[in-house]
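Protein chains in written order, with my numbering: chain Z, 10 to 355; chain W, 10 to 355.
Every residue, glycine too, gets a C-beta built ideally from N, C-alpha and C.
What follows is a single structure, written as structure tokens, with notes after it.
There are 2 protein chains.
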Amino acid sequence: MTTPVTTCRVILIGFGAVGHGFATILAQHGERLRRQSGIDIRIVAVATHSRGAVIDPAGIDLAGLLASAGHAGGLAALPGATRLAPTDIIRTTPAEVVVEATWTDLATGEPAISHIRAAFAAGMHAITVNKGPAALALQALRAEAAACGRHFGFEGTVMAGTPSLRLALEGLQGCAIHEVRGIVNGTTNFILSQMERGMDYATALAEAQRLGYAEADPTGDVEGFDAAGKAAILANALLGAALRPADVARQGISQITAADVAAAAAAGERWRLIARVWRDADQVRAAVAPTRLAQSHPLAGVTGATNALTISTDLLGDVTLIGPGAGGVATGFAIVSDILALYRNR
Amino acid sequence: MTTPVTTCRVILIGFGAVGHGFATILAQHGERLRRQSGIDIRIVAVATHSRGAVIDPAGIDLAGLLASAGHAGGLAALPGATRLAPTDIIRTTPAEVVVEATWTDLATGEPAISHIRAAFAAGMHAITVNKGPAALALQALRAEAAACGRHFGFEGTVMAGTPSLRLALEGLQGCAIHEVRGIVNGTTNFILSQMERGMDYATALAEAQRLGYAEADPTGDVEGFDAAGKAAILANALLGAALRPADVARQGISQITAADVAAAAAAGERWRLIARVWRDADQVRAAVAPTRLAQSHPLAGVTGATNALTISTDLLGDVTLIGPGAGGVATGFAIVSDILALYRNR
């Protein structure tokens with residue numbers, strides 16, 4: 010039996026680690042995806058901020074695209090190179106989906122929000138792996154998507170491609186969710202795990218930087234800004250709130266000392282940076298803070314760069330999901346997952 | 010804005026703990042479900058093997074239905090009581106969904122398979138929480154459902170209402186799954202957890218029986234038959250196999266001694282009854298066996314009657330789901346979840 014194949018044309022905005030991971034998945038597994046799902050995902054345009062853009066209405070050659078990441082000329086050296094700006098590419102290139110994978114700005118959400126609005130204006134679905142739009146404008150973007158009969162996918166904004174939002178919104182549909190707690194930042198979890206093995210904070214941070222888990226300026230991770238952005242997304246997506254990252258009570262891990270870690274271990278406990286969102290009477294509240302957990306707690310056993318969420322519900326009690334929270338391919342899979350959901354849920 | 014409401018009429022076959030849990034959810038949360046999902050789930054018939062049957066095309070009064078469980082007269086005392094057999098009720102009562110919640114027979118799958126086929130013959134979707142049909146005839150029943158344009162839901166057959174199958178089939182769609190390992194029997198996990206606290210096997214089993222976790226004849230749980238049935242479902246549903254429970258290599262926990270548990274603890278390990286399905290060249294294999302896991306292993310921390318699955322994939326590595334694996338309401342939720350999925354996935 011031959012499954013009829015539907016072509017899904019994608020405009021990819023941003024070509025960093027996640028865009029590269031997405032293209033890698035299509036290059037290595039596109040044939041299997043087509044066979045199993047009946048969806049033929051083709052990247053018809055890639056636009057970047059500083060490394061040019063390329064358009065091919067029939068589907069960009071993935072080998073050439075992937076090789077361009079290492080070339081000084083960037084996308085400008087590829088066939089179909091263009092000087093059009095991202096929003097002009099979205100306006101003029103026929104496609105079904107725009108994938109927003111530029112840098113995260115948790116203050117303004119730009120330029121990502123404008124790219125997503127351009128997608129809706131052009132009649133396309135929008136998928137973001139960028140936390141800015143989901144943390145700052147989720148309810149507005151959902152309403153705009155619904156108004157034009159399109160979808161807004163944002164699975165990749167929390168726990169990379171581990172299907173945490175889909176678990177809560179689809180798998181647990183019918184339950185009332187009253188609280189979500191989790192480890193949503195792999196960098197800080199790696200640092201705390203290293204400190205449990207005897208390193209002090211500065212050494213563990215340097216190790217995380219050496220391995221590429223932490224940036225040269227680690228503030229966004231270690232002071233909890235990244236986790237606060239994800240907490241806002243969880244509050245807004247799963248508890249119907251309209252919180253902004255700045256509304257999240259936030260405390261990072263930079264004040265945790267080797268002595269703190271040793272004291273917790275002596276008491277049979279572990280420090281974890283926990284993002285928590287919960288209903289408090291009529292309000293939804295959100296906080297990020299280092300928290301001591303008993304070693305038997307499901308989140309205490311989550312080590313290294315792995316992420317986890319515990320979703321507390323009325324009908325099932327606690328349901329916990331553990332999986333990768335970062336990485337180009339793991340986050341690139343979130344894009345694939347959001348695309349397949351578009352067609353599955355029709 | 011008023012959401013248009015779709016009525017979903019359900020014929021419930023079997024009214025044990027799970028049927029009772031499903032009706033309890035509708036009685037306590039039906040209004041919220043209707044408001045949030047737009048689906049008005051109404052039980053229009055209940056049929057049991059030995060306690061009668063009842064039909065009300067407008068929807069059976071749930072308070073009366075729930076109260077009947079404690080009455081000697083059973084369903085025969087309710088308005089709309091009937092002597093029709095289950096298959097005749099399915100044939101003659103208009104409904105959208107048949108829910109099969111009778112007893113599990115892992116040798117024949119009957120009478121559940123006949124109930125499901127009667128549903129398809131009547132043009133209805135079928136949902137089972139009964140392991141028999143899914144363990145013995147999954148591929149045939151899926152094909153029969155597809156041939157008549159209906160759905161076959163079986164989320165409740167593994168990990169109760171914890172959405173393990175939906176996670177794998179929808180959330181991880183696009184990944185290749187090569188192995189699934191898990192704790193899928195709460196009774197044995199409870200016994201092993203109690204033995205870790207110092208009980209011997211016989212005392213822990215008696216405690217499980219006292220609390221209602223284990224039956225008077227505990228063979229199905231402690232010798233791994235229940236877990237083998239679930240392993241067959243996982244192999245068939247997630248790896249495309251056509252294994253029967255008898256094809257699963259099976260070893261139970263009745264030979265595990267207090268000394269075995271102490272020896273594992275001394276080595277920093279824990280015994281867990283692990284169901285495992287995996288690809289081995291062109292074959293799919295399945296096994297159930299007591300297994301020593303390092304205490305740091307995500308499945309080692311799963312204690313008591315909780316269940317867990319670790320799904321190993323190409324694009325995300327390991328993804329682990331932990332949640333309830335038994336209970337009337339937790340399994341009744343699986344029915345709600347399969348019903349909501351019918352409408353979400355259209």
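| How long is the line joining the alpha carbons of Val27/W and Val297/W, rounded to whole angstroms? | As a position in the second sequence, residue 27/W is number 18, starting the count at 1. As a position in the second sequence, residue 297/W is number 288, starting the count at 1. C-alpha separation (whole angstroms): 25 Å.
| Strand pairing of Arg285/Z, partner residues [DSSP] | For the purposes of this step, residue 285/Z is identified with residue 276 of the first sequence, where counting begins at 1. Answer by DSSP bridge pairing, in chain order: Arg190/Z and Ala296/Z.
| query | Can you tell me whether DSSP reads Val257/W as helix, strand or coil? | reply | In the second sequence, the residue the question calls residue 257/W occupies position 248. Coil at Val257/W, not helix or strand.
| Backbone secondary structure at Thr315/W - three-state DSSP | As a first step, residue 315/W is located in the second sequence; it is residue number 306 there, counting from the start. It is a strand residue.
| Are Val286/Z and Gly261/Z closer than 7 Å when you measure CB to CB? | Locating residue 286/Z in the first sequence gives position 277, where the first residue counts as 1. Locating residue 261/Z in the first sequence gives position 252, where the first residue counts as 1. Cβ distance not < 7 Å, so Val286/Z and Gly261/Z don't count as in contact.
| message | Counting only beta-carbon separations shorter than 7 Å, does Ile52/W have a partner in chain Z? | response | To locate residue 52/W, count along the second sequence from 1; it is residue 43. Not closer than 7 Å to any Cβ of chain Z, the Cβ of Ile52/W fails to qualify, so no.
| field | Residue-level contact to chain Z via CB, Ile331/W, 7 Å cutoff | value | For the purposes of this step, residue 331/W is taken as residue 322 along the second sequence, with counting starting at 1. Yes, Ile331/W lies at the interface with chain Z (some Cβ there is under 7 Å from its Cβ).
| Within 8 Å of chain W by C-beta, residues of the segment 170-181 of chain Z in sequence order | Gly170, Thr171, Pro172, Arg175, Leu176, Glu179, Gly180 and Leu181
| field | First and last residue of the uninterrupted alpha helix (DSSP H) at Glu216/W | value | Taking the second sequence and counting its residues from 1, the one referred to as residue 216/W is at position 207. Taken as a continuous stretch (DSSP letters only), the alpha helix (DSSP H) holding Glu216/W covers Tyr210 to Arg219.
| field | chain W contact residues for Arg41/Z, given Cβ-Cβ distances below 8 Å | value | For the purposes of this step, residue 41/Z is taken as residue 32 along the first sequence, with counting starting at 1. Ala185, listed in chain order.
| said: Between Val338/Z and chain W, is the shortest Cβ-Cβ distance under 7 Å, so that the two count as touching? | reply: In the first sequence, the residue the question calls residue 338/Z occupies position 329. Interface residue, yes.
| task | Answer with yes or no whether the minimum CB distance from Phe199/W to chain Z is below 7 Å. | result | As a working mapping, residue 199/W is identified with position 190 in the second sequence. Taking Cβ atoms only, chain Z never reaches closer than 7 Å to Phe199/W, which makes this a no.
| task | Given a cut-off of 7 Å, decide if Ile192/Z and Thr329/W are closer than it, judged by their beta-carbon atoms. | result | Numbered from 1 along the second sequence, position 320 holds the residue referred to as residue 329/W. Numbered from 1 along the first sequence, position 183 holds the residue referred to as residue 192/Z. No. Outside cutoff.
| message | If I measure Cβ to Cβ from Ala155/W and keep anything under 6 Å in the same chain, skipping five residues before and after, which residues do I get? | response | By 1-based counting over the second sequence, the position of residue 155/W is 146. Closer than 6 Å at the Cβ level, and outside the excluded window around Ala155/W, lies no residue.
| request: Could you check what DSSP says for His29/W in three-state terms: helix, strand or coil? | output: Taking the first residue of the second sequence as position 1, residue 29/W is located at position 20. In the structure shown, His29/W sits in a helix (DSSP, three-state: H, G or I).
| task | List the DSSP bridge partners of Ala348/W. | result | Here residue 348/W corresponds to residue number 339 of the second sequence, with the count starting at 1. Correcting the residue identity first, residue 348/W is Ile in this sequence and not Ala. Per DSSP, none; premise fails for Ile348/W.
| request: Closer than 7 Å by C-beta to Glu105/Z: which residues in its own chain qualify, once you throw out the five before and the five after it? Chain order, please. | output: Residue numbering aside, residue 105/Z sits at position 96 when the first sequence is read from its first letter. Counting only Cβ-Cβ distances below 7 Å, and skipping sequence neighbours, we find Cys17, Arg18, Met133 and His134.
| message | Once DSSP output is grouped into helix, strand and coil, what is the label at Leu181/W? | response | Along the second sequence, one-based indexing puts residue 181/W at 172. The answer is coil: DSSP assigns Leu181/W none of H, G, I, E or B.
| message | Any beta carbon of chain Z sitting closer than 7 Å to that of Val345/W? | response | Looking up residue 345/W in the second sequence gives position 336. Output row for Val345/W: interface = yes.
| In terms of alpha-carbon separation, which member of Val53/W, Cys184/W and Gln37/W lies closest to Arg44/Z? | Within the first sequence, residue 44/Z is the residue found at index 35, counting from 1. Selected option, being the one with the closest Cα: Cys184/W.
| From which residue to which residue does the alpha helix (DSSP H) around Thr113/W run? | Stepping through the second sequence from its first residue, residue 113/W is reached at position 104. Element bounds for Thr113/W: n/a, residue is neither H nor E.
| message | Going by DSSP in three states, Val338/Z sits in which element: helix, strand or coil? | response | Within the first sequence, numbered from 1, the residue matching residue 338/Z stands at position 329. Three-state DSSP puts Val338/Z in a helix.
| Burial state of Asp347/W (16 or more Cβ within 10 Å) | Walking along the second sequence from the start, residue 347/W turns up at place 338. The residue in question, Asp347/W, is buried, as its Cβ has 16 or more Cβ neighbours within 10 Å.
| Thr322/Z versus His187/Z: straight-line alpha-carbon distance, rounded | Working through the first sequence from its first residue, we reach residue 322/Z at position 313. Working through the first sequence from its first residue, we reach residue 187/Z at position 178. Cα to Cα, the separation comes out at about 6 Å.
| query | What first and last residue would you give for the alpha helix (DSSP H) that runs through Ile265/Z? | reply | Within the first sequence, numbered from 1, the residue matching residue 265/Z stands at position 256. No alpha helix (DSSP H) contains Ile265/Z, which DSSP labels as neither H nor E.
| message | With distance defined between alpha-carbon atoms, name the residue in Ala169/Z, Thr137/Z, Val107/Z and Ala276/Z nearest to Asn316/Z. | response | If you number the first sequence from 1, residue 316/Z lands on position 307. Considering only alpha carbons, the answer is Ala169/Z.
| message | If the cut-off is 7 Å on Cβ atoms, which residues from the segment 23-34 of chain W count as contacting chain Z, listed in chain order? | response | Ile34
| chain W contact for Gly310/Z (CB, 7 Å cutoff) | Looking up residue 310/Z in the first sequence gives position 301. True, the Cβ-Cβ gap to chain W drops below 7 Å.
| request: Using three-state DSSP, classify Ile20/W as helix, strand or coil. | output: Here residue 20/W corresponds to residue number 11 of the second sequence, with the count starting at 1. Note: Ile20/W maps to strand in three-state DSSP.
| Going along the chain, which residues of its own chain have a beta-carbon closer than 6 Å to the beta-carbon of Ala250/Z, five neighbours each way excluded? | Mapped onto the first sequence, residue 250/Z falls at position 241. The residues are Ala244 and Val293.
| field | Status (buried if at least 16 other CB within 10 Å, exposed otherwise) for Leu220/W | value | Within the second sequence, the letter at position 211 stands for residue 220/W. Leu220/W should be labelled exposed.
| Going by other Cβ atoms of all chains shown within 10 Å of its Cβ, with 16 needed for buried, is Arg159/W buried or exposed? | To locate residue 159/W, count along the second sequence from 1; it is residue 150. It counts as buried.
| request: Whole angstroms is fine: what's the gap from Ala273/Z's alpha carbon to Ile265/Z's? | output: Here residue 273/Z is taken as the residue at index 264 of the first sequence, counted from 1. Here residue 265/Z is taken as the residue at index 256 of the first sequence, counted from 1. Taking the straight line from one Cα to the other gives about 11 Å.
| request: Tell me the start and end of each unbroken alpha helix (DSSP H) in the segment 113-151 of chain W that is at least 4 residues and wholly inside, in chain order. | output: 121-130
| field | Beta carbon proximity, Gly221/Z to chain W, threshold 7 Å | value | As a first step, residue 221/Z must be located in the first sequence, where it is residue number 212. No, no contact with chain W.
| request: Hey, could you find the ends of the alpha helix (DSSP H) Val231/W is sitting in? | output: As a working mapping, residue 231/W is identified with position 222 in the second sequence. Looking at the DSSP string, the run of the alpha helix (DSSP H) that includes Val231/W is Thr228 to Val231.
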